[in-house]
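Per our numbering, numbering of the sequence shown is gapless, rising by one per residue and ending at 269. For every residue, glycine included, the Cβ atom is placed at its ideal position computed from N, Cα and C. As the structure is a prediction and not an experimental result, all values here were calculated from the model. Structure, as structure tokens:
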Amino acid sequence: MTNGIIYSGRGKVDKNLTAILIRAYDYKDNDKRAELFSAEEGIVTVTMRGIKKANAKLKFACQPFSFCIYELSKRNNNYVVTGATTVEDMFALTKDTDVYLCACAVMETVRDLGSSINSDELFVIVLKTLKTMLYSEKASPYLILAKYIQKVLSMSGFIRTRVQNDPDLSTMEGMLSYIATKYLDEVSNISIDSALAVDCALEELIRFEKVYETTLNAIKLIKQM
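Dropping the structure here:
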């Protein structure tokens, strides 16, 4: 974890954006481009200058799952991050491989969901899902991921999970039917075989791919585990 949680640069700030970092990628020698997901504006692409330098003061705002208030300055029709304040430190999502993969899968879906769910509603469920994965010590992140996909597919109006009257919780179909009637915090308390939880997550991710006619890198990574 990076020690710094607040850094405000010099110069004009055109807007403050409360957002979660989806991903960051190399842009120039010392710069990165980053995709930020906010409740107000959905996905906003920004530049983080000098971020690859060893002494960069904004490294904490460019880590996986950074949740910050970003200070943005508009320069040549692009937004540049000039400062940031941490809202909540969620870097611990990277410490466990299973949790990390599931959290990455959540963020990967955001790009497709923006076309069918209002960004403010989506932001709430994304943040709640990440925090449930982060703070639920005994929960299966894969089952939480499966519930998240069920929720967003329902919110988008595309598909709802068929609910069985007396689901067999030892089967994937039964477990998916069971969690479809539960809230996210209730799902975090369910004890489940790890292999079954993975199968549930993969089934819902594949369903997501078909609905949105997209390809999720998370599926390949989870299958490799």
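As assigned by DSSP and simplified to three states, the class of residue i
i           : result
residue 114 : strand
residue 120 : coil
residue 94  : coil
residue 207 : coil
residue 259 : coil
residue 132 : strand
residue 169 : helix
residue 87  : strand
Counted within 10 angstroms of its Cβ, other Cβ atoms place residue i as buried (16 or more) or exposed
i           : result
residue 184 : buried
residue 225 : exposed
residue 45  : Bear in mind that a pLDDT of 41 at residue 45, under 50, signals an unreliable position, so the number given afterwards is only what the model happens to contain. Label assigned to residue 45: exposed.
residue 264 : exposed
residue 149 : buried
residue 241 : buried
residue 186 : buried
residue 269 : exposed
residue 267 : exposed
residue 239 : exposed
residue 207 : exposed
residue 98  : exposed
residue 232 : buried
residue 165 : exposed
residue 152 : buried
Beta-carbon proximity of residue i to residue j, cut-off 8 Å
i           : j           : result
residue 124 : residue 89  : no
residue 213 : residue 227 : no
residue 61  : residue 114 : yes
residue 138 : residue 108 : yes
residue 136 : residue 178 : yes
residue 195 : residue 169 : yes
residue 58  : residue 118 : yes
residue 157 : residue 198 : no
residue 163 : residue 230 : no
Reference residue i; option with closest CA among the options
i           : options               : result
residue 259 : 268, 266, 141 and 249 : 249
residue 110 : 93, 120, 147 and 94   : 147
residue 188 : 79, 200, 171 and 204  : 171
residue 65  : 98, 119, 200 and 167  : 167
residue 129 : 139, 237 and 104      : 104
residue 116 : 63, 211, 256 and 264  : 63
residue 215 : 231, 237 and 131      : 237
residue 131 : 67, 95, 175 and 152   : 175
residue 159 : 80, 87 and 243        : 87
residue 217 : 243, 262 and 235      : 243
residue 69  : 82, 94, 56 and 83     : 94
The beta strand (DSSP E) enclosing residue i, as first and last residue numbers
i           : result
residue 161 : Note, residue 161: premise wrong, no beta strand (DSSP E); not H, not E.
residue 61  : 59-70
residue 2   : Outside the shown range of the chain (45 to 269) lies residue 2, about which nothing can therefore be said.
The alpha helix (DSSP H) enclosing residue i, as first and last residue numbers
i           : result
residue 250 : 238-256
residue 222 : 216-223
residue 190 : 185-200
residue 213 : That residue, residue 213, is in no alpha helix (DSSP H); it is neither H nor E in DSSP.
residue 43  : Given that the chain is displayed from residue 45 to residue 269, the structure contains no residue 43 and the question cannot be resolved.
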